[in-house]
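S.K.:
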Amino acid sequence: MPTRLKPTRLEYVVDGVKLRSQLSTAALEHLGDLAAQRKAALEILKAALFRGRMIAKERLENGAGGIETARLLSGVTDEVVSALYDFTTVHVFRARNPTEGERLALMAVGGYGRGTLAPYSDLDLLFVRPYKQTAHTESVIEFMLYALWDLGFKVGHASRTIEECIKLSREDYTIRTSILEARRLTGDGKLAEELVRRFRAEVVKGTGAEFVAAKLKERDERHARAGASRYMVEPNVKEGKGGLRDLNTLFWIAQYLHPGETLERVMQLEMFDRREVRGFIVAFDFLWAVRCHLHFATGRPEERLSFDLQPELARRMGYGDRGDAPAVERFMRRYFLIAKDVGALTRVFAAKLEADQVKMAPKGISRFIPGRKVTRKPLAEPGFHEVGGRLDVDPDIFEQDPVNLLRLFRIADQRNLDLHPDAFTAASRSTNLITSAVRRDRHAAKVFLDILARGRDPRTTLTLMNEAGVLGRYLPEFGRIVAQMQFNMYHSYTVDEHTLRAVGVIAEIAAGSLAEDHPLSNQVMPLIVDREALFLAMLLHDTGKGGAGGQEVAGARAARQACERLGLERSKIELVAWLVEHHLVMSDYAQKRDVSDPRTVGDFARIVQTPERLRLLLVLTVADIRAVGPGVWNGWKGQLMRELYAATEAVFRGGRGSDATAALKRYQENAAYDARVRLAKADPKAEAWGDAMEDAYFTAFEDAEVLTHARLSQTAREGLGAAAICAVRPDLNASELMVAAADRPRLFMDVADAITAAGANVVGARVFTSRTGQALDVFYVQDVGGQPFGVADERVLIRLADDLAAAARGEPPAREVRRKDMGRAAAFAITPNVMLDNEASETATVVETAGRDRPGLLAALARTLAEAGLTITSAHIDGYGERAVDAFYVVDATGAKVTDAKKRNALKAALLAALSDEAEPANARRAALPKARASVAR
């Protein structure tokens, strides 16, 4: 990290006296020529502004603090705006004997009034007049605004009388807040003083409770717009939860309740202890540094810390790689720890408001309404009581017994009570009482497991424990992943936030509230014997991220340590460790392997071993994927999971000593026989087609789908040799593309090309070939927004069906594939990888590829395989944000595996070349930004 620079004096950066002298000289040199005077003045002011910004930028990059930089930029702007005002009123529109109506005060309001300014922030100005606007004041304001716009400022301005300011402040909280921070820049000092005096007396006085309520409501609405979690991995530094606006809200409330006092003075009041004051200053300084770096890096008022900017910000702020932790993840973890501290500060501040100003009511904004009588109701648990519908504690309860730190949250959960802010503050200040002895205390373990596995709302309760610092202190393995960020586009949240959401998903499945989305999980949840092990495995499943030996092995090691400390029996410890170590296995087998292949199911069944583990792994996997982020879970993944579960369950039903392959074949044969009988009854003409399809086909589709496929194949045979149907499948959150044609080399490649040319994104594919040489390819596609392709316009799907049929016949593509800018994915350095496996299948070579996802990648890989003389018998498409992981089952022209070493090496090299063929970023500034290694952790 750069060495911290000492603050500099403003006059060393911009000399206001010298600046005004230069402007006066320019005015005299061009006396009588207003255009020349204006041009010369603007050149002088631009130079001063540029010098000030460059000095601020250089100092920031060399270790100056964020607050100092924001104040320096504000000071430079003060000098420029004030000098422009003096130039305007002295040399352009001078009133030698100003009348009462020509008095004018120029005030900074909003963030600028606070004396802090980001490099490209808006400039909020208030021109205060005594009466209605005169021709003179109108001319001064107009000249200044045009000049400021020419200087490159985006100006938010208003011209009002004091009466108008008071009236509008009473009606509009936004205006009231901006005037709360009003600061005189130049002009009539008495006017400015009068506005401040009347504002405090006529607007602020006696309205503290309503202002607090309005600001907290405004904050909640802002969080809802920006994303309710403060742990979203592309945070908005200004507006996001845990960002600058949250700290500013605290400052506004404090300033409103203590008018006339500076922030420094407010923070010295009895309501804050030294640690909280330091936390406020550190958070404010860090967030301001991030915001200023963002503006300087992009050259615009950018507030979102997007993936492509994170590596650059990490570099600018002096973060480097440390072991396996890349610089960008270390920087982002610091950011999220700050955001967590901001949340804690907000709670502490609310508690102190209650003590200092009002007696709060139970919930919502009404808790700030004064005058309510608050009752204190003792609870059965000693030292705990209910105050106004919230749970509070005696002052020394945690010192008496540190296990009470856990009991606090259990009682709140059991009684469905909000935590009193004083209780939350006391808990967060007492975390050091949780020692190794407390962690091994059997009473503490019982309380903790009650919260986790038997609680009413474990996600909410554990989140409160996490924000108070109790959860990570009690469970150090979890504490190591608090605020940890994975630098990839797959995860939407930090590791701890993702984990707590996943715990919440399991609780919802157990309650039956997700039966429609996850019918199989809902069905098997009551059959699970050890729910405690399931919840523990979910809480600990990602604790190995960044650990030695890899995520799964390190996670199992951490799980064993945690469970042993909790005093669990050995069998449960091993079950939890096994679930953590294998929590990715089911998704890997379902999404990257052919579930209809007996080898796949046999291998998976040998790993799982028991029906109980299968049930546990299913629920764990579903919750894990669903909690990754919006849109990651979809019906297609659910279908794959259900197929793998059913096939594995069939193997287990065959008995312990049965051969897995034989058991699965019996299962497929029985299912196929029944399906063929039903198909023949539904459509006798389809009987021959059904007999020609392999048994595994019938386990993948429902009867209605089989009938549709049979009729589509008949249309292809009787028509032009190929046919296609496209339909939206809301249950899979995708559109289904069905193509029937005579099998031929490059068929899959041509169809994939047509899909790419249409702009669709393939999320899944199934490939079947009958014994009579009839191919049936089924694709599941989405648009760029993750919605079913063509859901808003049926004509899109009709045209795509025509394109697919033409492609299947071998006709040239009707549309050209266009390369697209990689967008945010350009931030990630991704090393492509290719693996060839002849052991994963009885009949084919499994080719697994991983690389940067892009439009046309599937078609490019299919083309490479076709050019190598290989036929795709099964394709499995998966994606993890910026990374695509595709698996193909292939055979050569003779129907055999690829065994020749020379051919295997040539194929691997060709696939790596296809994976590496990337479009360059269209945006020049983005192209110049540094890349960082994408995290492969899931």
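Position 301, counted from 1, in the sequence shown is what the numbering used here calls 301; the numbers after and before it change by one each time, with no gaps. Heads up, the beta-carbon is just placed ideally off N, CA and C, and yes, glycines get one too. Quick caveat: nothing in here was measured; it's all calculated off a predicted structure.
(1) At a cut-off of 7 Å, is Q133 close to the ligand NAP when judged by its beta-carbon and the heavy atoms of the ligand?
(2) Taking DSSP's pairing of strands, which residues face Q774 in a bridge?
(3) Within this structure, are the beta carbons of F296 and M317 separated by less than 8 Å?
(4) In the DSSP assignment, what are the bridge partners of H385?
(5) Could you say if the segment 407–416 and the segment 452–472 meet the contact criterion of at least three C-beta pairs nearer than 8 Å?
(6) Would you call M749 buried or exposed, if buried means 16 or more other Cβ atoms sit within 10 Å of its Cβ?
(7) For G773 versus A742, is the C-beta distance shorter than 8 Å?
(8) Report the rounded CA-to-CA distance for A27 versus A40, giving the unit in angstroms.
(9) Please go through the segment 81–114 and give each complete beta strand (DSSP E) segment of 3 or more residues, from N-terminal end onward.
(10) Do you know whose CA, among I872, E193, F87, lies nearest A105's CA?
(11) Going by DSSP, what residues sit across from F779 in a beta bridge?
(12) What number of angstroms, rounded off, separates the C-alpha of N404 from the C-alpha of F398?
(13) Could you pull out every unbroken beta strand (DSSP E) segment of at least 3 residues lying fully inside the segment 131–207, listed in chain order?
(14) Closest to G881 by C-alpha separation, out of M489, F211, V90, R9, would be which residue?
(15) If you draw a straight line from the C-alpha of R176 to the C-alpha of R197, how long is it?
(16) Can you tell me whether T894 is buried or exposed, with buried defined as 16 or more other CB within 10 angstroms of its CB?
(17) Given this structure, state the Cα-to-Cα distance separating V14 from G63, to the nearest angstrom.
(18) Would the segment 66–79 and the segment 111–120 be scored as touching if the rule is three or more Cβ pairs under 8 Å?
(19) Are the CB atoms of A556 and E581 nearer to each other than 8 Å?
(20) Inspect the CB distances between the segment 140–155 and the segment 120–127 and report whether three or more fall short of 8 Å.
(21) Along the chain, where does the alpha helix (DSSP H) containing V580 start, and where does it finish?
(22) Could you tell me which residues DSSP puts in a beta bridge with L419?
(23) With 16 as the cutoff for other CB atoms within 10 Å, does Y146 come out buried or exposed?
(24) Within a Cβ cutoff of 7 Å, which residues of the same chain sit near K665, ignoring the five residues on either side of it in sequence?
(25) Closest by CA to A575, which one among A483, L616, N236?
(26) Can you tell me which of the three DSSP states V76 falls into?
(27) Going by other Cβ atoms of all chains shown within 10 Å of its Cβ, with 16 needed for buried, is A967 buried or exposed?
(28) Less than 6 Å between C-beta atoms, sequence neighbours within five positions excluded: which residues of the same chain meet that for D783?
(29) With distances taken between CB atoms, is the gap from I877 to D886 smaller than 8 Å?
(30) So, for V237: in the same chain, excluding its five sequence neighbours on each side, which residues have a beta-carbon less than 7 Å away from its beta-carbon?
(31) Can you tell me whether DSSP reads H876 as helix, strand or coil?
(32) Pull up the distance between the alpha-carbon of A95 and that of L337, whole angstroms please.
(33) Would you kindly check if the distance between the Cβ of A829 and the Cβ of G851 is under 8 Å?
(34) State buried or exposed for N733, treating a residue as buried only when at least 16 other CB atoms are found within 10 Å of its CB.
(35) Ends of the alpha helix (DSSP H) at T894?
(36) Could you tell me which of Q486, L797, S916, A507 sits nearest to P832, measuring between CA atoms?
M.R.: If we stick to the structure as given:
(1) As presented, the structure is devoid of all ligands, the ligand NAP included, so that no description of it is given.
(2) Your numbering for residue 774 matches position 774 in the sequence shown. BP columns for Q774 point to A742.
(3) Stepping through the sequence shown from its first residue, residue 296 is reached at position 296. Stepping through the sequence shown from its first residue, residue 317 is reached at position 317. Not a contact, by the Cβ cut-off of 8 Å.
(4) Walking along the sequence shown from the start, residue 385 turns up at place 385. Answer is P378, D392.
(5) yes
(6) On the sequence shown, position 749 is the one that residue 749 refers to. Classification of M749: buried, given that the 10 Å Cβ count is 16 or more.
(7) Counting from one through the sequence shown, the residue named residue 773 turns up at place 773. Counting from one through the sequence shown, the residue named residue 742 turns up at place 742. In this structure, A742 lies closer than 8 Å to G773 by Cβ.
(8) Within the sequence shown, numbered from 1, the residue matching residue 27 stands at position 27. Within the sequence shown, numbered from 1, the residue matching residue 40 stands at position 40. Distance between the alpha carbons of A27 and A40 is about 8 Å.
(9) 105–108
(10) Position 105 of the sequence shown, counted from the start, is the residue given in the question as residue 105. Comparing Cα-Cα distances from A105 to each of I872, E193, F87, the minimum goes to E193.
(11) Within the sequence shown, the letter at position 779 stands for residue 779. Paired residue(s): L737, A765.
(12) In the sequence shown, the residue the question calls residue 404 occupies position 404. In the sequence shown, the residue the question calls residue 398 occupies position 398. If you take the alpha carbons of N404 and F398, they lie about 6 Å apart.
(13) 155–161, 183–187
(14) Taking the first residue of the sequence shown as position 1, residue 881 is located at position 881. Ranking the options by Cα distance to G881, first place goes to M489.
(15) By one-based count along the sequence shown, residue 176 stands at place 176. By one-based count along the sequence shown, residue 197 stands at place 197. Computed Cα separation, rounded: 14 Å.
(16) Residue 894 sits at position 894 when you count from the first residue of the sequence shown. Classification of T894: exposed, given that the 10 Å Cβ count is below 16.
(17) Numbered from 1 along the sequence shown, position 14 holds the residue referred to as residue 14. Numbered from 1 along the sequence shown, position 63 holds the residue referred to as residue 63. Cα to Cα, the separation comes out at about 20 Å.
(18) yes
(19) The residue given as residue 556 occupies position 556 in the sequence shown. The residue given as residue 581 occupies position 581 in the sequence shown. Result yes, Cβ atoms of A556 and E581 sit closer than 8 Å.
(20) yes
(21) Position 580 of the sequence shown, counting from 1, holds the residue named residue 580. That run of the alpha helix (DSSP H) goes 570–581.
(22) Within the sequence shown, the letter at position 419 stands for residue 419. The partner list for L419 (beta bridge, DSSP) reads L391.
(23) By one-based count along the sequence shown, residue 146 stands at place 146. Under this definition Y146 is an exposed residue.
(24) Residue 665 sits at position 665 when you count from the first residue of the sequence shown. Excluding positions up to five away in sequence, the list reads P598.
(25) For the purposes of this step, residue 575 is identified with residue 575 of the sequence shown, where counting begins at 1. The sequence given here has Leu at residue 575, not Ala. With distances taken between Cα atoms, L575 lies closest to L616.
(26) Counting from 1 along the sequence shown, the entry for residue 76 is found at position 76. V76: helix per DSSP, three-state reduction.
(27) With the chain covering only 1 through 938, there is no way to say anything about residue 967.
(28) The residue labelled residue 783 in the question sits at position 783 within the sequence shown. Counting only Cβ-Cβ distances below 6 Å, and skipping sequence neighbours, we find F789.
(29) As a position in the sequence shown, residue 877 is number 877, starting the count at 1. As a position in the sequence shown, residue 886 is number 886, starting the count at 1. Going by C-beta atoms, I877 is nearer than 8 Å to D886.
(30) Locating residue 237 in the sequence shown gives position 237, counting from the first residue. Once the five neighbours on either side are set aside, the close Cβ partners of V237 are G243, L244, L287, V290, R291, L294, E303, L305.
(31) For the purposes of this step, residue 876 is taken as the residue at position 876 of the sequence shown. Reduced to three states, the DSSP call for H876 is strand.
(32) Position 95 of the sequence shown, counting from 1, holds the residue named residue 95. Position 337 of the sequence shown, counting from 1, holds the residue named residue 337. Cα to Cα, the separation comes out at about 55 Å.
(33) As a first step, residue 851 is located in the sequence shown; it is residue number 851 there, counting from the start. As a first step, residue 829 is located in the sequence shown; it is residue number 829 there, counting from the start. No, Cβ-Cβ distance for G851 and A829 is not below 8 Å.
(34) By 1-based counting over the sequence shown, the position of residue 733 is 733. So N733 ends up on the buried side.
(35) Within the sequence shown, the letter at position 894 stands for residue 894. Unbroken run through T894: none, as it is neither H nor E.
(36) Counted from its first residue, the sequence shown places residue 832 at position 832. Minimum Cα distance to P832 is reached at S916.
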